[in-house]
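Reading the sequence shown from the start, the letters are residues 88 to 341 in my numbering.
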Amino acid sequence: MNSENAISRRKALKFLALGSVSTVVAPSLFTTSCAANRQAGYQSYSEIFNSVYPFELAPLPYAHDALEPAIDALTMEIHHSRHHQGYINNLNNALESRPELHSMTLAELVANLNELPASVMTAVRNHGGGHLNHVIFWNTMSADGGAPGGDLAAAIDSAFGSMDAMKEEFTRAASTVFGSGWAWLASDSDGALQIVQTPNQDNPLTDGLNPLVGIDVWEHGYYLNYQNRRGDYISAWLDLIYWDKVNEIYQAAI
Ligand SMILES: [Fe+2]
Numbered sequence: 088m089n090s091e092n093a094i095s096r097r098k099a100l101k102f103l104a105l106g107s108v109s110t111v112v113a114p115s116l117f118t119t120s121c122a123a124n125r126q127a128g129y130q131s132y133s134e135i136f137n138s139v140y141p142f143e144l145a146p147l148p149y150a151h152d153a154l155e156p157a158i159d160a161l162t163m164e165i166h167h168s169r170h171h172q173g174y175i176n177n178l179n180n181a182l183e184s185r186p187e188l189h190s191m192t193l194a195e196l197v198a199n200l201n202e203l204p205a206s207v208m209t210a211v212r213n214h215g216g217g218h219l220n221h222v223i224f225w226n227t228m229s230a231d232g233g234a235p236g237g238d239l240a241a242a243i244d245s246a247f248g249s250m251d252a253m254k255e256e257f258t259r260a261a262s263t264v265f266g267s268g269w270a271w272l273a274s275d276s277d278g279a280l281q282i283v284q285t286p287n288q289d290n291p292l293t294d295g296l297n298p299l300v301g302i303d304v305w306e307h308g309y310y311l312n313y314q315n316r317r318g319d320y321i322s323a324w325l326d327l328i329y330w331d332k333v334n335e336i337y338q339a340a341i
């Protein structure tokens, strides 16, 4: 690990430590009844990032058909109850015989992937990443997504020039993921935003960045409804971003 990466990881861990504090102040972000209603059923920042072994599948914060027509009910059901459950099962199986890792949070496992024992590294990369990516995915979508808050809106303008320009760059990134993977809006520990791609079930945390929201462009996420039309799925998904939750995650990062 070079010194630059070491610094990045320390920054990521600093962010994770701050995250536990954010759970104390997060309710103040949702003081309006409208926001509180949208928040019902969603996992908190800490529940998303700081769960520990044995990992469990949380219920979706909405009905399977809540995001139609953008994402159909059958895709949601299969994606959540089979694909996501599969990542959790495989992650728990891999960690069962490694009690020294049971106190590490999900985010710590993924952020420190390259320091883990070789015998579990691949399983944590694929299935720990798969678990974390999907928890973020479910909790950052809503049929009533709202808009970025002040700090996040300013960061989007600073990094991309405008919301539309951010969406254009995000669409390019998501469209050009080769094979299976994700595209993310991510921040560094100073709050500066960037859009990144990750292959397979990799997560930006492993590269020292904080994931704010990401789109799953594995075919299991859209093929029943969209077949080969990934661009249509990306366009529909951009309107599902649950900005209140993205704001909460971003506030923890800065
Ligand atoms: Fe997926």
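For every residue, glycine included, the Cβ atom is placed at its ideal position computed from N, Cα and C.
Owing to the predicted nature of the structure, the values given are computational and were not obtained by experimental measurement.
* Asked: Is there at least one non-hydrogen atom of ligand 2 closer than 7 Å to the beta-carbon of aspartate 289?
  -> The ligand content of the structure shown is limited to ligand 1, which means ligand 2 is not among them.
* Beta-bridge pairing of leucine 272 - partner residues as DSSP gives them -> Indexing the sequence shown from 1 puts residue 272 at position 185. For leucine 272, which the question treats as bridged, DSSP gives the partners Ile282, Val300.
* To do: Mark alanine 150 as exposed unless 16 or more other C-beta atoms lie within 10 angstroms of its C-beta, in which case mark it buried.
  => Stepping through the sequence shown from its first residue, residue 150 is reached at position 63. Exposed, by the Cβ-count rule.
* Excluding the five sequence neighbours on either side, which residues of its own chain have a C-beta within less than 6 Å of the C-beta of methionine 163, listed in chain order? -> By 1-based counting over the sequence shown, the position of residue 163 is 76. Counting only Cβ-Cβ distances below 6 Å, and skipping sequence neighbours, we find His151.
* Taking 8 Å as the cut-off, decide whether the C-beta atoms of leucine 178 and glycine 215 are in contact. => Numbered from 1 along the sequence shown, position 91 holds the residue referred to as residue 178. Numbered from 1 along the sequence shown, position 128 holds the residue referred to as residue 215. Yes, they are a contact pair.
* With burial defined as no fewer than 16 other Cβ atoms inside 10 Å of the residue's Cβ, what is the status of asparagine 124: buried or exposed? -> Within the sequence shown, residue 124 is the residue found at index 37, counting from 1. Low local confidence applies: a pLDDT of 44 at asparagine 124 is under 50, so the model's placement there is unreliable, with the coordinate-based value given in what follows. Asparagine 124 should be labelled exposed.
* Segment contact flag, the region 229-238 with the region 306-321, C-beta cutoff 8 Å, min 3 pairs -> no
* Within this structure, are the beta carbons of glycine 308 and histidine 167 separated by less than 8 Å? -> For the purposes of this step, residue 308 is identified with residue 221 of the sequence shown, where counting begins at 1. For the purposes of this step, residue 167 is identified with residue 80 of the sequence shown, where counting begins at 1. No, the Cβ-Cβ distance between glycine 308 and histidine 167 is not below 8 Å.
* If you draw a straight line from the alpha carbon of asparagine 310 to that of histidine 221, how long is it in whole angstroms? -> Here residue 310 is taken as the residue at index 223 of the sequence shown, counted from 1. Here residue 221 is taken as the residue at index 134 of the sequence shown, counted from 1. Here the sequence assigns tyrosine to residue 310, which means asparagine is not the residue at that position. Answer to the nearest angstrom: the Cα atoms are 17 Å apart.
* Does DSSP classify proline 191 as helix, strand or coil? -> Here residue 191 refers to the residue found at position 104 when the sequence shown is read from its first residue. What sits at residue 191 in the sequence shown is methionine, not proline. Coil at methionine 191, not helix or strand.
* Would you check if the distance between the CB atom of serine 136 and the CB atom of threonine 192 is smaller than 8 Å? => Looking up residue 136 in the sequence shown gives position 49. Looking up residue 192 in the sequence shown gives position 105. Reading the sequence as shown, one finds phenylalanine at residue 136 and not serine. Yes, the pair counts as a contact, with Cβ atoms nearer than the cut-off.
* Residues with C-beta closer than 6 Å to any heavy atom of ligand 1, in chain order -> His166, His170, His221, Asp303, Trp305, His307, Gly308
* To do: Would you grab the beta carbon distance between glutamine 284 and asparagine 213 for me? Rounded to a whole angstrom, and I think it's under 8 Å.
  => Within the sequence shown, residue 284 is the residue found at index 197, counting from 1. Within the sequence shown, residue 213 is the residue found at index 126, counting from 1. Actually they are not in contact, since the Cβ atoms of glutamine 284 and asparagine 213 sit about 17 Å apart, beyond 8 Å.
* **Segments of 4+ residues assigned as alpha helix (DSSP H) that fall wholly inside the region 167-233** => 172-182, 193-198, 205-210, 216-226
* **Pairwise C-alpha distance: leucine 154 and serine 115** => Position 28 of the sequence shown, counted from the start, is the residue given in the question as residue 115. Position 67 of the sequence shown, counted from the start, is the residue given in the question as residue 154. Because serine 115 sits at a pLDDT of 32, beneath the cut-off of 50, its placement in the model cannot be relied upon, and the point is left open.
* DSSP on isoleucine 328, reduced to helix/strand/coil? -> Counted from its first residue, the sequence shown places residue 328 at position 241. Of the three classes helix, strand and coil, the one that applies to isoleucine 328 here is strand, per DSSP.
* **Inter-residue spacing [alpha-carbon to alpha-carbon] between alanine 160 and serine 276** => Counted from its first residue, the sequence shown places residue 160 at position 73. Counted from its first residue, the sequence shown places residue 276 at position 189. Cα to Cα, alanine 160 sits roughly 36 Å from serine 276.
* How about alanine 339 and tyrosine 174: are their beta carbons less than 8 Å apart? -> Here the question's residue 339 lines up with position 252 in the sequence shown. Here the question's residue 174 lines up with position 87 in the sequence shown. No, they are not a contact pair.
* **Beta-carbon spacing of leucine 300, threonine 227 below 8 Å** => Residue 300 sits at position 213 when you count from the first residue of the sequence shown. Residue 227 sits at position 140 when you count from the first residue of the sequence shown. What sits at residue 300 in the sequence shown is valine, not leucine. In this structure, threonine 227 lies closer than 8 Å to valine 300 by Cβ.
* Residue environment, asparagine 180, which counts as buried when at least 16 other CB atoms sit within 10 Å -> Counting from 1 along the sequence shown, the entry for residue 180 is found at position 93. It is exposed - the Cβ of asparagine 180 has fewer than 16 other Cβ atoms within 10 Å.
* Alpha carbon to alpha carbon, how far is serine 262 from methionine 253? -> Within the sequence shown, residue 262 is the residue found at index 175, counting from 1. Within the sequence shown, residue 253 is the residue found at index 166, counting from 1. For serine 262 and methionine 253, the distance between alpha carbons rounds to 14 Å.
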